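Q: When the letters of the sequence shown are read in order and numbered with the UniProt record's numbering, they come out as residues 1 to 310. Where is the CB? At the ideal position from N, CA and C, for every residue including glycine. Quantities reported herein were computed from a predicted structural model and do not represent experimental measurements. Would you mind keeping the following structure in view while I ask a few things?
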Amino acid sequence: MLKYVKLLSVITSLVLSANTFAAEDSISVDLETGRGGQAQRVDDGTEFKVCADQDSLPFSNRKQEGFENKIAAVLAKDLGKKLTFQFWYDRMGFIRNTLNAKRCDVVMGTTPDNDMMLTSKPYYRTGHVFVYRKSSGYNITDWDSPDLRKGVIGIVGQSPATIPLNDHNLMGNARPYRMQRDLNLPSSFLIDDLVKGDIDVAIAWGPIGGYFAKHASIPLVVVNIPEYENVNVKGKEYWNISLGVRKSDKARLALIQGALDRNQDKINQILDDYGIPHFPIVEGDSVTEVYRKEHPHAVEARGDAIPKTE
């Protein structure tokens, strides 16, 4: 869930300002002890070291049970390197304290136009899903489905899906959940509440909805939400997903890109095994490009506030 929150944060930063993260300090912090001023790791070229969240299934955890852990393992094996991780909760300061502090070299699962990193070509594309109990008898296929109005809809506040939810006058049915996850709650909290009957429909980020529905104690139905017909930068349901390295690591990215290209079938199989909805990559589909089309004059006025993607 934290990974989804971080993705929303990246999207928001691209839409609102390239300087969203500028207020963070640059003090080096030791991730295990919390002490500042620790010496930087020396990269000897033998590791494939990933910056990852320690408790964010289905993406990653310390036991390396997440699908991003497994994809990283495929890439490391292809490149003949030892797979290691630097764990840190994926919240504000994650990139500064991990990748840019050179404690690790690769970030899995980011947007292709994340201007804090040099990013790969997308290696999967996913979107949002409706999830509901099979026993409900609902037949929900899109935002106009009558059954969507019959019960309580659980949704993460400020997620892209709130735009079509509001446009279809469904906010009266909504039970919003905080975007910033309570670390005392499991990543599965939205699907858990669906199973318990506290909500009747969950609108979830595809990896979260797909994975936890697959492992739920009762049969659940997962339906891919169609891309919103009035799509805009805040209401996009589908996103290309890439990995990132430091901006100076062009040679490293070239090697990793080769591994991604050689192992796309294995990556797709991992996504299938985890119940992650995924779709063909849409070239050039990005937050930046959608924003440019909607606000050409704003982009001109703000210069490089919206990063270039050429």
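DSSP three-state label for I218, please.
A: Correct three-state label for I218: coil.
Q: Would you be able to state if there are at least three C-beta pairs under 8 Å between the segment 271–286 and the segment 122–137?
A: The segment 122–137 vs the segment 271–286: in contact.
Q: Might you give, ordered along the chain, the residues of its own chain that have their beta carbon closer than 6 Å to the beta carbon of E68, omitting 5 neighbours on each side?
A: The answer, listed in chain order, is F59, S60, M108, G109.
Q: May I ask you to verify whether the segment 244–253 touches the segment 164–172, counting CB pairs closer than 8 Å and requiring at least 3?
A: With a cut-off of 8 Å, the segment 164–172 and the segment 244–253 do not count as touching, because too few Cβ pairs lie within range.
Q: Sort out for me which residues DSSP pairs Q86 with in a bridge.
A: Q86 pairs with C51.
Q: Hey, does M116 have any beta-carbon neighbour from chain C nearer than 8 Å?
A: Although the question refers to chain C, the structure presented lacks it and comprises just one protein chain.
Q: Leaving out the 5 sequence neighbours to the left and right, which residues in its chain are closer than 6 Å to D200 when beta-carbon positions are compared?
A: If we look at D200 and ignore the five residues flanking it on each side, its Cβ neighbours are G151, V152.
Q: Is N268 near D78, with beta carbons less than 8 Å apart?
A: Contact: no.
Q: Under the rule that 16 or more other beta-carbon atoms within 10 Å means buried, what is I256, buried or exposed?
A: It counts as buried.
Q: Could you tell me whether the segment 112–121 touches the segment 195–211, using the rule of 3 or more Cβ pairs below 8 Å?
A: Contact between the segment 112–121 and the segment 195–211 is absent, because fewer than three Cβ pairs lie under 8 Å.
Q: So for L75, helix, strand or coil by DSSP?
A: The answer is helix: DSSP assigns L75 an H, G or I state.
Q: Grouping DSSP H, G and I as helix and E and B as strand, with all else coil, what is S135?
A: Here S135 sits in helix by DSSP.
Q: Assign R103 to buried or exposed, taking buried as 16 or more other Cβ atoms, counted over all protein chains shown, within 10 Å of its Cβ.
A: Buried.
Q: Between which residues of its own chain and I270 is the CB-CB distance below 7 Å, once the five residues before and five after are set aside?
A: Around I270: F67, K70, I71.
Q: Here's the rule I'm using: 16 or more other beta-carbon atoms within 10 Å means buried, otherwise exposed. How should E237 be labelled?
A: So E237 ends up on the buried side.
Q: Our contact map puts K49 next to F94 with C-beta atoms below 8 Å; I'd like the distance itself, whole angstroms only.
A: Incorrect: roughly 15 Å between the Cβ atoms, too far for contact.
Q: Please name the residue or residues paired with F212 in a DSSP beta bridge.
A: None, per the DSSP bridge assignment.
Q: In this structure, does DSSP put P176 in helix, strand or coil?
A: DSSP places P176 in strand when its eight states are reduced to three.
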